[in-house]
Amino acid sequence: MSIIVNLDVVLAKRDMKSKELAEIIGITEANLSILKSGKAKAVRFSTLEAIFKALDCQPADILEYVED
342 MSIIVNLDVV LAKRDMKSKE LAEIIGITEA NLSILKSGKA KAVRFSTLEA
392 IFKALDCQPA DILEYVED
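The letter at position 59 of the sequence shown is residue 400 when you use our numbering, and the numbering goes up by one with no holes.
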């Protein structure tokens with residue numbers, strides 16, 4: 342099971358930098374980088390909610406499930 346994180350794609354479409362998003366949602370750039378790379382072991386729903394609100398998007402815009 343693989344979950345693909347397309348956060349870079351959505352950020353590019355919104356012409357927003359990772360640093361700006363990290364500041365808006367209240368997490369460190371390092372933690373956002375871990376999330377963007379798909380290496381995060383867990384993500385809080387409150388963090389996801391903040392991302393969706395900041396980027397005006399839906400979960401499917403950022404997260405994608407691909408069967409191995």
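By construction, the Cβ of each residue, glycine as well, lies at the ideal position given by its N, Cα and C atoms.
Consult DSSP for E405 and reduce its assignment to one of helix, strand or coil.
Strand.
In or out: I403 buried (at least 16 other Cβ within 10 Å) or exposed?
A residue is called buried when at least 16 other Cβ atoms come within 10 angstroms of its Cβ; I403 meets this threshold and is buried.
With a threshold of 8 angstroms on Cβ separation, who are the neighbours of N347 within its own chain once the five nearest residues in sequence on each side are excluded?
D402, I403, L404, E405
Cβ-based neighbour list, K377, same chain, cut-off 8 angstroms, excluding 5 preceding and 5 following:
V346, L348, D349, S359
Which residue's Cα is closest to the Cα of Q399: L373, T369, F386, N372?
When only C-alpha atoms are compared, the closest one is F386.
Classify V384 as helix, strand or coil using the three-state DSSP reduction.
coil
Identify every residue that forms a DSSP beta bridge with I345.
E405
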